[in-house]
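Those sequence lines, one after another, are chains A and B.
Numbering follows numbering that gives the first Met the number 0, with no gaps: position 191 of the first sequence is 190.
Numbering follows numbering that gives the first Met the number 0, with no gaps: position 7 of the second sequence is 6.
Presented below is the structure to which this report refers.
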Amino acid sequence: MPSAKKSGQTTIAELLSQGDAVTGHRSREEAQKYLSDFKSVVGLPDAPEPALDPYLAEFLVEAVLSAAWYQRRYLGAQRKVYAYIALNGFLIAAIPLALIGLGTLAEALKTNALVGQITGVLTGILALQKTLSTWYASQQRYAVWYKSAADLKSIYYAFIQSWGGKAGTDTAGFVAALKNGSAAARQLVNAEQLDFYQKLALPTFDILDMLASTRSTVSTFVTSIIPGTTPANVAVVGRNLMVTSPGAGARSGGPAVTDQKTDIRLPTVSVLAEGETKPNDNPYTIVIIANPTLQTTSSQQPLVADPILTQPASFQACVQYARDALFGRLPGQAERFLAQFETKIRVIAIFDPSLTPSSATALVAEYPYGGIVQPLQDAFASLIATYQVKGKPIKADVAFAITASGTHTRSSAYYTADDESSGGTGFKMDGKAFTHRQVNVSPGVVALHVSATSLVALHEFGHAASSWTNGCITDLYVDSTDDYNAVNVRVGRPIPQAFATYAGKTYQSDLTRECLNGYPAGWKSYHCAEADDRYPAIMDDFWLAQGKPENCKHDKITLDFLTDRLNSIMSRV
Amino acid sequence: MEPLKPEDIGKILASRPNVKIEDIHEYQRLVMESLRARSPFAPKPEGPAPAPGADRLDELHEKIFGSPEEKSRERVT
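So this is what it looks like as structure tokens:
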């Protein structure tokens, strides 16, 4: 396309390539500078055209100058990124060298306090670096600017492709295309602005959190570089070294995290109940972990730190709620079958805000349908095993990941993936042989929203404690299928008197589901008889129970199945 | 999967007259089945492949919660 370049004048092509490096202003006055070049490109004479010039200027403002503005921001951010990478590179290279030098000094002075002081100073520097990273990431909308510039340029180039040198052939069509292009560009800019304002918020830095989460890592780092030193897991004031207990800072203990609202402090790993003493220290274990990384539905930021990591008080309250619901301590709770096992069950809470968002630490995803939080089952076992109790990696039978997703609040669970090579207690269900396996390859997992109440935790535990291959406990409030060897649902009409045989016992069907005004018309599934037929089963829609949800109990086959399965797992040696 | 709370179902039915309770039942069932199928540990079902439900799930989702365009309009207004 011919382009009329006047002496000293930037062309549109140069503007789009370099950005408006001088001002970034988007105004009609600014657009006038490029009017002549634009006219040349579309094949109009370089003379005032009162009928066309306003539309040409508007297009330049909306598409070309906007693209240049984004390009300028993007290139500026790119330069800052290079500088930032260089600074980080310098720190990476300089800190170990400085430490080696200081280590020699520590030996000469025969003092361990120097290590603590270095740890203190480095903690401050690295916490500051972390703070700047967080701030910088939120300020520099690198990807958004790049995309906006690219989209706006596309509008310009598509226009030029259609109308380059042809403006004079169809004036009405040319004006309409200019208007459409301007409108499309304006829409893009508006969308970006709306997104910007929605995300505009004061940065929230928890300084103590930053220092606490950085401290243990720095301590380990310093002592690994300076030979013959022991971890100083505190900052040193002057030359007075305050020594903490050995092991603090490792994943078995870890730095405490403070919730500024309530001033509570949580260790990384807390054993809330020891459970049964066993020769191999492998009691039935429930782990409740603050979800480190939330997988969102956003394509731009699919992995973010779960907000629960900044809410230790809420996490602690949710842990307490889950334990109460599981062991039958909610006010007026009717189902207390797990209470008989409570002294045998180990309960561990994990709260580790030092983890950075990654797919390896994402235990919960926002599911695109129904406001559900979905547990990412394959990540649980490996992440939990990075933490230790009594020097052994933690292995869970059931794990709850607590999330504070702001948009998805309905909890969900997956069944346990049994280790089919492990031992267990055999049983038959409707003539088919199964085993209550004692060991799993993946624990049963729950994504529990921090706002969960009532029987939600117990309902989800019902799913998670069952098995993908040796009998699953499924939802009863939908017209379920009996896939995956479902224990608590059968399919067919008319509903037979006998629901199923399990472990040599015949269970009756719930013929009417009267407590919920019957099975909906068209349903093919039916359920086992209730333990208390005045109320729905816990795996059914417990919210609809007369009086309150806590009146609900498990149906008869679910109760026996879960009891047998727990007994089998607890009998492992 | 936690059941939808009655108040949430009530809000949907009140705000979207073309949605029936049967739609919500079917939607919940499809959500449960699709969620279950996404676990890497879910055994492969035996026999012929199940009937595709993804389109129906999208259709019901849009009917119950509104299309992306509607949601976008709601946000702007």
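Built from N, CA and C at the ideal position, the CB exists for glycine as well.
- Between residue 447 of chain A and residue 410 of chain A, the gap from beta carbon to beta carbon is short of 7 Å.
- Here the alpha carbon of residue 458 of chain A sits roughly 11 Å from the alpha carbon of residue 549 of chain A.
- Taking residue 539 of chain A as the centre and dropping the five residues before and after it, the same chain places the C-beta of 475, 476 closer than 6 Å to its C-beta, in chain order.
- Taking all protein chains in view, the Cβ of residue 81 of chain A is surrounded by fewer than 16 other Cβ atoms within 10 Å, so the residue is classified as exposed.
- Taking C-beta atoms as the reference points, residue 61 of chain A and residue 184 of chain A count as a pair closer than 7 Å.
- DSSP, read as helix, strand or coil, puts residue 509 of chain A in strand.
- When the beta-carbon positions are compared, residue 443 of chain A and residue 415 of chain A come within less than 7 Å of each other.
- Straight across, the Cα-Cα distance linking residue 83 of chain A with residue 132 of chain A is about 9 Å.
- The C-alpha of residue 90 of chain A lies about 46 Å from the C-alpha of residue 438 of chain A.
- Counted as a single uninterrupted DSSP element, the alpha helix (DSSP H) harbouring residue 11 of chain A occupies residues 11-17.
- Here residue 478 of chain A really is in contact with residue 28 of chain B; their C-beta atoms are around 6 Å apart, less than 8 Å.
- Residue 146 of chain A is positioned such that its CB atom lies no closer than 7 Å to that of residue 15 of chain A.
- Within chain B, no C-beta atom comes less than 8 Å from the C-beta of residue 81 of chain A; the nearest is roughly 36 Å away.
- Neighbours of residue 33 of chain B across chain A, judged by C-beta separation under 9 Å: 366, 368.
- Residue 181 of chain A is classed as buried because its beta carbon has at least 16 other beta carbons within 10 Å across all chains shown.
- Interface residue (Cβ-Cβ distance to chain B less than 7 Å): residue 476 of chain A is classified as such.
- For the C-beta of residue 410 of chain A, the chain B residues within less than 9 Å are, from N- to C-terminus, 0, 1.
- Sorting A:427, A:127, A:141 by C-alpha distance to the C-alpha of residue 505 of chain A places A:427 at the top.
- Contacts with chain B (Cβ-Cβ distance below 8 Å) from the segment 478-490 of chain A involve 478, 479, 480, 482, 483, listed in chain order.
- For residue 466 of chain A, DSSP records a beta bridge to A:415.
- Cα atoms of residue 43 of chain A and residue 76 of chain A: separation of roughly 37 Å, rounded to the nearest angstrom.
- Per DSSP, residue 451 of chain A lies in no alpha helix (DSSP H) segment and is marked neither H nor E.
- According to the DSSP assignment, residue 558 of chain A belongs to no beta strand (DSSP E) but to the alpha helix (DSSP H) extending over 555-569.
- Note on geometry: alpha-carbon atoms of residue 436 of chain A and residue 486 of chain A lie some 15 Å from one another.
- DSSP assignment within the segment 320-357 of chain A yields no whole alpha helix (DSSP H) run of 4 residues or more.
- The continuous beta strand (DSSP E) containing residue 293 of chain A extends over residues 292-294.
- In the three-state reduction of the DSSP assignment, residue 501 of chain A falls in the strand class, which pools E and B.
- In the three-state reduction of the DSSP assignment, residue 48 of chain A falls in the coil class, being assigned neither a helical nor a strand state.
- About 6 Å separates the beta carbons of residue 358 of chain A and residue 302 of chain A, which is inside the 8 Å limit, making them a contact pair.
- Secondary structure note for residue 26 of chain B: its alpha helix (DSSP H) is the uninterrupted segment 20-36.
- Listed in chain order, the non-local C-beta contacts of residue 313 of chain A below 6 Å within the same chain comprise 449, local neighbours out to five positions each way being set aside.
- Beta-bridge annotation (DSSP): residue 525 of chain A is paired with A:489.
- Taken through DSSP and simplified to helix, strand or coil, residue 399 of chain A comes out as strand.
- When the beta-carbon positions are compared, residue 568 of chain A and residue 283 of chain A come within less than 7 Å of each other.
- Residue 120 of chain A has its alpha-carbon roughly 22 Å from the corresponding atom of residue 354 of chain A.
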